[in-house]
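Yeah, the first sequence ends on 529 if you go by this note's numbering, and it's all consecutive.
Cβ atoms here follow ideal geometry from the backbone N, Cα and C, with glycine treated the same way.
Because the structure is a prediction, the values reported are computed rather than measured.
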Amino acid sequence: MDIYLYNTLTRSKEKFEPLEEGKVRMYTCGPTVYDYFHIGNARSFVVADVIRRYLEYAGYDVTFVMNITDIDDKIINRAAEKGVEANDVAREFTEAFFQDIEALGVRPADVYPKATETIDDIVRHVEGLVKSGAAYVVEGDVYFSVEAFPEYGKLSGKNIEELVAGALVEKDERKRNPADFALWKAAKPGEPSWESPWGRGRPGWHIECSVMSQKYLGETFDIHAGGNDLIFPHHENEIAQSEALTGKQFVRYWLHFGFLRINEEKMSKSLGNFITAREALKKWPAYGIRFFFLQTHYRSPLNLLPEGIEGAVKGAAKFRAFRDELDTMDDGARSFDAEPYRERFARAMNDDFNTPAALGALFDLMHDVRAAALDGGIDRPSIDAVRDFFDRAVDGVFGILPPPQEALPGAGDALVGDLVQILIDVRNDLRKERNFALADRIRDALAAAGVTLKDGKDGTAWSYSPPESTTRG
RNA sequence: GGCGACGUACCCAAGUGGUUAAGGGAGCGCUCUGCAAAAGCGUUAUUCGGCGGUUCGAAUCCGCCCGUCGCCUCCA
């Protein structure tokens with residue numbers, strides 16, 4: 057089955073045909089490491105992660121690159137505030153970035169190029185643009201001349217005249233056109249800087265992504281993804297800088313993600329209405345946050361509602377319960393064909409990564425497997441086939457399968473488990489004696505400690521999760 | 001002002017011309033239970049922001065109106 061995806065460049069869904077058969081070269085704009093990233097940024101990282109995982113599920117060999125912008129005005133400003141070196145800020149938040157995406161279950165990219173480690177390549181690229189006349193030097197700054205690139209505006213649907221007429225473009229007498237943008241910035245006193253043909257300075261933001269992506273993926277690559285707000289000017293400028301030098305198409309498919317909103321408003325650092333991914337992960341498990349994101353199509357805006365994430369946590373928990381059932385399911389005589397569900401899943405995902413529809417297929421699979429299991433039982437090969445697909449989809453592609461109970465903190469400890477079991481045994485004796493008051497006291501006390509008891513036909517099972525009472529705020 | 005997205009049940013959200021409008025959460029009923037919890041099962045929109053139009057047929061196409069949001073400036 058073919059994959060179709062919505063390409064911002066053509067404003068339409070297109071059949072995905074990678075440059076090289078069976079191989080995908082993909083790039084996503086990574087963080088500027090001046091602070092913790094927020095839950096809205098997390099949505100982009102998770103969505104990109106799921107797209108990458110699905111392409112691999114679909115059989116592609118994916119090379120996935122994400123940059124780290126580790127030199128930038130914001131980093132310099134933050135360092136000045138804290139009274140430390142820009143380096144220190146970058147190092148601290150690069151480390152935090154890796155911790156947080158790991159906690160979110162985002163699989164590592166193949167390469168994480170850093171701007172400060174790509175300076176030579178950036179300088180060469182800018183030099184090339186200056187030589188070709190697409191860029192010009194003014195007092196140690198280098199600007200890209202938008203008029204030198206006739207196709208400027210093709211991604212965002214803007215044109216230079218309108219941008220200039222928009223009057224919001226800051227006037228800078230040194231620029232030939234107000235829409236021109238900096239490729240290289242001359243160093244101000246005290247700022248980190250590198251040698252260049254135009255004196256000491258540092259790269260502009262846009263050029264980093266162009267150079268870092270092309271360095272690892274080639275002059276033309278398949279997919280470049282990022283948030284909607286990067287379409288203009290960031291990605292527009294990337295195209296201009298890249299294609300003006302190579303004369304080749306820079307990126308074949310541009311994917312853009314919808315925003316996470318809070319109170320119907322875009323969540324952003326500048327509006328100050330954000331919560332960091334780090335804070336969110338203290339409140340909710342990663343699988344719940346991921347499930348919450350995937351319940352909405354990646355291009356649509358998504359309103360952050362605590363009850364929404366709580367619902368997502370519960371939804372994801374059903375996957376775990378079902379997965380455990382599969383392991384203990386008695387085999388029966390009937391066969392169950394998982395293929396229609398696999399097809400529905402693939403059809404949904406192939407249609408511009410329609411994760412909500414794909415989730416629907418997975419829930420129907422659970423429902424129908426249970427119904428079949430009740431109605432005579434399913435044979436072993438069918439159970440195995442369901443489990444194989446289920447694991448590859450829920451865990452492999454979406455990354456939303458909650459960990460088994462044993463993996464939860466505290467519950468894996470042998471002594472803790474023994475103590476809980478002793479209490480359960482005592483309580484069950486009390487129940488036999490119909491001393492329910494004391495039995496319930498044990499149950500309530502355990503519940504307060506995070507241990508939930510489930511009385512069933514075959515005895516009492518228990519599970520652990522961090523107590524609700526520790527919620528903060 | 002220019003460009004663009006969206007408005008589907010109590011909440012979230014698929015579906016973009018044709019059988020009964022997916023799925024999740026919540027509510028309700030049931031099973032299980034000493035009672036719970038958890039889990040499972042069942043159930044909840046003659047209707048898709050409003051008004052017109054095209055069509056044998058529209059949530060789906062067209063027009064207008066109302067409402068929400070985004071980009072045009074750093075931002076995922």
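**Request:** Could you spell out the range, first to last residue, of the beta strand (DSSP E) harbouring residue 261?
**Result:** Along the first sequence, one-based indexing puts residue 261 at 205. No beta strand (DSSP E) holds residue 261; the alpha helix (DSSP H) holding it covers 261-273.
**Asked** Relative to the C-alpha of residue 396, which residue among 454, 108 and 445 is closest?
**Response** Counted from its first residue, the first sequence places residue 396 at position 340. Minimum Cα distance to residue 396 is reached at 445.
**Residues sharing a beta bridge with residue 61, DSSP** = Position 5 of the first sequence, counted from the start, is the residue given in the question as residue 61. According to DSSP, residue 61 bridges with 70.
**Asked** Relative to the C-alpha of residue 301, which residue among 285, 266, 278 and 122 is closest?
**Response** As a position in the first sequence, residue 301 is number 245, starting the count at 1. Selected option, being the one with the closest Cα: 266.
**Message:** Check this for me: beta carbons of residue 188 and residue 233, under 8 angstroms apart or not?
**Reply:** In the first sequence, counting from the first residue as 1, residue 188 sits at position 132. In the first sequence, counting from the first residue as 1, residue 233 sits at position 177. No, the pair does not count as a contact, with Cβ atoms beyond the cut-off.
**Message:** Between residue 165 and residue 93, how many whole angstroms is the CB-CB distance? I'm expecting something under 8 angstroms.
**Reply:** By one-based count along the first sequence, residue 165 stands at place 109. By one-based count along the first sequence, residue 93 stands at place 37. About 15 angstroms separates the two Cβ atoms, so there is no contact after all.
**Item:** Where residue 438 sits in the DSSP three-state scheme
**Value:** By 1-based counting over the first sequence, the position of residue 438 is 382. Looking at residue 438 - three-state DSSP - the assignment turns out to be helix.
**Prompt:** To which residues does DSSP link residue 363 through a beta bridge?
**Reply:** If you number the first sequence from 1, residue 363 lands on position 307. Per DSSP, none; premise fails for residue 363.
**Asked** What separation, rounded to the nearest whole angstrom, lies between the Cα atoms of residue 103 and residue 354?
**Response** The sequence position of residue 103 within the first sequence is 47, counting from 1. The sequence position of residue 354 within the first sequence is 298, counting from 1. Cα to Cα, residue 103 sits roughly 7 angstroms from residue 354.
**Message:** Please give me, in chain order, every unbroken run of the beta strand (DSSP E) with length at least 3 that falls completely inside the stretch 385-444.
**Reply:** 387-390
**Prompt:** In three-state terms, what does DSSP make of residue 124?
**Reply:** Translated into positions along the first sequence, residue 124 becomes position 68. Residue state, collapsed to three classes: strand.
**Request:** Take the Cβ of residue 126 as the centre, count every other Cβ of all protein chains shown within 10 Å, and call the residue buried at 16 or more, exposed below.
**Result:** As a working note, residue 126 is residue 70 in the first sequence. The residue in question, residue 126, is buried, as its Cβ has 16 or more Cβ neighbours within 10 Å.
**Asked** Once you ignore the five residues that flank residue 386 on each side, which residues in its own chain have a CB closer than 7 angstroms to its CB?
**Response** Against the first sequence, residue 386 aligns to sequence position 330. Contacts found: 433.
**Asked** For residue 477, is the classification buried or exposed, using 16 other Cβ atoms within 10 angstroms of its Cβ as the cut-off for buried?
**Response** Here residue 477 is taken as the residue at index 421 of the first sequence, counted from 1. So residue 477 counts as exposed.
**Request:** Kindly provide the ranges of any alpha helix (DSSP H) runs that are 4 or more residues long and lie completely inside the stretch 173-225, ordered along the chain.
**Result:** 175-188 and 216-221
**Request:** Just mark residue 153 as buried or exposed, buried being the case when its beta carbon has 16 or more other beta carbons within 10 Å.
**Result:** Sequence index remark: in the first sequence, residue 153 carries index 97 (1-based). Result: buried.
**Prompt:** Given a threshold of 16 other Cβ atoms within 10 Å of its Cβ, counted over all protein chains shown, does residue 501 qualify as buried or as exposed?
**Reply:** Walking along the first sequence from the start, residue 501 turns up at place 445. Burial call: exposed.
**Prompt:** Mind checking residue 97: buried by the 16 CB within 10 Å criterion, or exposed?
**Reply:** Taking the first sequence and counting its residues from 1, one reaches residue 97 at position 41. So residue 97 counts as buried.
**Prompt:** When the Cα atoms are used, what is the spatial distance from residue 205 to residue 424?
**Reply:** By one-based count along the first sequence, residue 205 stands at place 149. By one-based count along the first sequence, residue 424 stands at place 368. The straight-line gap from Cα to Cα measures roughly 57 angstroms.
**Item:** Residue from 95, 123 and 116 with nearest C-alpha to residue 5
**Value:** Within the shown structure, residues of the chain are numbered from 57 to 529, placing residue 5 beyond reach of any answer.
**Request:** Please list, in chain order, all residues of the same chain as residue 529 whose beta carbon is under 8 angstroms from its beta carbon, the five residues on each side excluded.
**Result:** Walking along the first sequence from the start, residue 529 turns up at place 473. Its pLDDT being 30, under 50, residue 529 is placed unreliably in this model, and the coordinates cannot settle the point.
**Message:** Relative to the C-alpha of residue 369, which candidate in 458, 82 and 394 has its C-alpha closest?
**Reply:** Numbered from 1 along the first sequence, position 313 holds the residue referred to as residue 369. Of 458, 82 and 394, the residue nearest in Cα terms is 458.
**Request:** Could you spell out where the alpha helix (DSSP H) holding residue 237 opens and where it closes?
**Result:** The sequence position of residue 237 within the first sequence is 181, counting from 1. Counting along the chain, residue 237 falls outside any alpha helix (DSSP H), though it belongs to the beta strand (DSSP E) covering 237-242.
**Prompt:** By how many angstroms is the C-alpha of residue 339 removed from the C-alpha of residue 527?
**Reply:** The residue labelled residue 527 in the question sits at position 471 within the first sequence. The residue labelled residue 339 in the question sits at position 283 within the first sequence. At residue 527 the pLDDT is 38, less than 50, meaning the model places this residue with poor confidence and gives no usable figure here.
**Asked** Which residues in the same chain as residue 486 place their Cβ atom closer than 7 angstroms to its Cβ, once the five residues preceding and following it in sequence are excluded?
**Response** Numbered from its first residue, the first sequence carries residue 486 at position 430. Taken in chain order, the residues that qualify are 494 and 495.
**Cβ separation of residue 107 and residue 409, assumed to be a contact under 8 angstroms, to the nearest whole Å** = In the first sequence, residue 107 corresponds to position 51, counting from 1. In the first sequence, residue 409 corresponds to position 353, counting from 1. The beta carbons of residue 107 and residue 409 sit about 6 angstroms from each other, so the pair counts as a contact at 8 angstroms.
**Spatial distance of residue 128 from residue 73 (CA atoms)** = Walking along the first sequence from the start, residue 128 turns up at place 72. Walking along the first sequence from the start, residue 73 turns up at place 17. If I take the Cα positions, the gap works out to 35 angstroms.
**Prompt:** Hey, out of 278, 140, 61 and 343, whose CA is closest to residue 454's CA?
**Reply:** One-based indexing of the first sequence puts residue 454 at position 398. When only C-alpha atoms are compared, the closest one is 343.
**Request:** Can you tell me which of the three DSSP states residue 509 falls into?
**Result:** If you number the first sequence from 1, residue 509 lands on position 453. If DSSP states are grouped into helix, strand and coil, residue 509 belongs with the strands.
**Asked** Which of helix, strand or coil does DSSP assign to residue 454?
**Response** Residue numbering aside, residue 454 sits at position 398 when the first sequence is read from its first letter. Note: residue 454 maps to coil in three-state DSSP.
**Request:** Answer with buried or exposed for residue 411, where buried requires no fewer than 16 other C-beta atoms within 10 angstroms of its C-beta.
**Result:** As a first step, residue 411 is located in the first sequence; it is residue number 355 there, counting from the start. It is buried - the Cβ of residue 411 has at least 16 other Cβ atoms within 10 Å.
**Item:** At least 3 beta-carbon pairs within less than 8 angstroms: the stretch 132-143 vs the stretch 286-295
**Value:** no
**Request:** From the DSSP output, read off the bridge partner residues of residue 281.
**Result:** Here the question's residue 281 lines up with position 225 in the first sequence. Residue pairing for residue 281: DSSP places it in a beta bridge opposite 84 and 311.
**Request:** Would you mind working out which of 422, 177, 335 and 282 sits nearest residue 87, comparing C-alpha positions?
**Result:** Looking up residue 87 in the first sequence gives position 31. Of 422, 177, 335 and 282, the smallest CA-CA separation from residue 87 is found for 282.
**Prompt:** Looking at C-beta atoms only, is the number of pairs between the stretch 291-300 and the stretch 320-330 that lie closer than 8 angstroms three or more?
**Reply:** The stretch 291-300 is not in contact with the stretch 320-330.
**Request:** Put residue 152 into one of helix, strand or coil per three-state DSSP.
**Result:** What you label residue 152 is simply residue 96 of the first sequence in a count that begins at 1. In this structure, residue 152 counts as helix in the three-state DSSP scheme.
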